[in-house]
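Peer 1: Pasting in a structure now, in structure tokens, and then I'll have a few things to ask.
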Amino acid sequence: MSASAEPLFLTLDHFDDPSSLIYGIGNVGRQDDGLGWAFIDELEAHQHFAQADLRCTYQLNLEDADLINGFAKVLFVDATKDPAVTSFALTRPEPRLDFSFTSHALSVPSVLATAKQCFGRVPEVHLLAIRGHEWELQMGLTESARQNLGEALTFLSTTSSTRR
Numbered sequence: 001m002s003a004s005a006e007p008l009f010l011t012l013d014h015f016d017d018p019s020s021l022i023y024g025i026g027n028v029g030r031q032d033d034g035l036g037w038a039f040i041d042e043l044e045a046h047q048h049f050a051q052a053d054l055r056c057t058y059q060l061n062l063e064d065a066d067l068i069n070g071f072a073k074v075l076f077v078d079a080t081k082d083p084a085v086t087s088f089a090l091t092r093p094e095p096r097l098d099f100s101f102t103s104h105a106l107s108v109p110s111v112l113a114t115a116k117q118c119f120g121r122v123p124e125v126h127l128l129a130i131r132g133h134e135w136e137l138q139m140g141l142t143e144s145a146r147q148n149l150g151e152a153l154t155f156l157s158t159t160s161s162t163r164r
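Mapping to the working numbering: the sequence shown position 114 is 114, numbers consecutive.
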């Protein structure tokens with residue numbers, strides 16, 4: 001993951017306006033891979049972010065470069081297997097084409113690079129990676145993932161961090 005090393009100081013309120021997209025990525029049928037969707041579900045359940053566009057997708061594709069082009073700010077939310085992330089990490093990914101552009105799903109940096117190349121601009125983008133633990137074909141988050149989701153939501157309601 002290519003990301004800025006500087007600490008990020010923002011709350012979820014930063015994205016509560018019509019120019020913002022909060023985009024949950026994952027597959028609810030593969031346990032903790034559903035963390036991105038669960039994040040969106042939590043925002044909708046508590047009727048937060050009435051102004052932001054809340055969406056979910058299974059994977060990022062070329063069309064997502066066009067989608068993000070219509071927004072000033074984007075928060076991608078996805079599960080991570082990265083053992084360096086104990087609970088969650090918030091980063092500022094940089095546009096970068098990688099080998100994912102040749103696969104069936106793109107990375108966030110590849111979507112940003114595509115947007116920059118096609119539209120000449122990239123919105124302000126943040127990536128919230130929430131640590132998952134199980135990825136089997138099964139509905140529902142593990143208890144550990146549910147706890148990490150809660151920690152990310154609580155923490156981002158008050159402050160921000162690069163890694164917890």
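Backbone N, C-alpha and C fix where the C-beta goes; we use that ideal spot for every residue, glycine too.
List the whole-angstrom C-beta distance separating Leu182 from Val111, where the pair is believed to meet the contact cut-off of C-beta under 8 Å.
Peer 2: Lying outside 1 to 164, the shown extent of the chain, residue 182 is not represented and no answer is given.
Peer 1: Enumerate in chain order the residues of its own chain whose CB-to-CB distance from Ser19 is below 7 Å, with the five nearest sequence positions on each side excluded.
Peer 2: Here the question's residue 19 lines up with position 19 in the sequence shown. Closer than 7 Å at Cβ, skipping near neighbours: Phe71, Ala72 and Lys73.
Peer 1: When the Cα atoms are used, what is the spatial distance from Arg32 to Cys56?
Peer 2: Taking the first residue of the sequence shown as position 1, residue 32 is located at position 32. Taking the first residue of the sequence shown as position 1, residue 56 is located at position 56. The displayed chain sequence assigns Asp, not Arg, to residue 32. Distance between the alpha carbons of Asp32 and Cys56 is about 15 Å.
Peer 1: Going by Cα to Cα distance, which pick from Arg131, Trp135 and Ala105 is closest to Glu63?
Peer 2: Translated into the one-based positions of the sequence shown, residue 63 becomes position 63. Per the Cα distances, Ala105.
Peer 1: Going by DSSP, what residue range makes up the beta strand (DSSP E) through Lys73?
Peer 2: As a first step, residue 73 must be located in the sequence shown, where it is residue number 73. Lys73 -> beta strand (DSSP E) spans Lys73 to Thr80.
Peer 1: Quick check on DSSP: helix, strand or coil for Gln47?
Peer 2: As a first step, residue 47 must be located in the sequence shown, where it is residue number 47. Three-state DSSP puts Gln47 in coil, outside helix and strand.
Peer 1: With the cut-off set at 9 Å, would you say Asp82 and Gly24 are in Cβ contact?
Peer 2: Residue mapping note: residue 82 aligns to position 82 of the sequence shown, counting from 1. Residue mapping note: residue 24 aligns to position 24 of the sequence shown, counting from 1. No, they are not a contact pair.
Peer 1: In angstroms with no decimal places, state the Cα-to-Cα distance between Pro93 and Gln138.
Peer 2: Within the sequence shown, the letter at position 93 stands for residue 93. Within the sequence shown, the letter at position 138 stands for residue 138. Between Pro93 and Gln138, the C-alpha separation is close to 30 Å.
Peer 1: What do you get for Ser157, buried or exposed, if any count of 16 or more other CB atoms within 10 angstroms of its CB means buried?
Peer 2: Numbered from 1 along the sequence shown, position 157 holds the residue referred to as residue 157. Exposed, since its Cβ has fewer than 16 Cβ neighbours within 10 Å.
Peer 1: For my contact list, Val85 and Arg131 are in at a C-beta cut-off of 8 Å; report their separation, rounded to the angstrom.
Peer 2: Residue numbering aside, residue 85 sits at position 85 when the sequence shown is read from its first letter. Residue numbering aside, residue 131 sits at position 131 when the sequence shown is read from its first letter. Between Arg131 and Val85 the Cβ distance is about 5 Å, and since that is below 8 Å, they are a contact.
Peer 1: Would you tell me roughly how many angstroms separate the C-alpha atoms of His126 and Leu75, rounded to the nearest one?
Peer 2: In the sequence shown, residue 126 corresponds to position 126, counting from 1. In the sequence shown, residue 75 corresponds to position 75, counting from 1. Rounded to whole angstroms, His126 to Leu75 spans 5 Å at the Cα level.
Peer 1: Rounded to the nearest angstrom, what separates Gly120 and Ile68 at their Cα positions?
Peer 2: Numbered from its first residue, the sequence shown carries residue 120 at position 120. Numbered from its first residue, the sequence shown carries residue 68 at position 68. Their Cα atoms are separated by approximately 12 Å.
Peer 1: Pick out whichever of Asp66, Gln47, Trp37 and Ala50 has its Cα sitting closest to the Cα of Cys118.
Peer 2: To locate residue 118, count along the sequence shown from 1; it is residue 118. Nearest of Asp66, Gln47, Trp37 and Ala50 to Cys118, Cα basis: Asp66.
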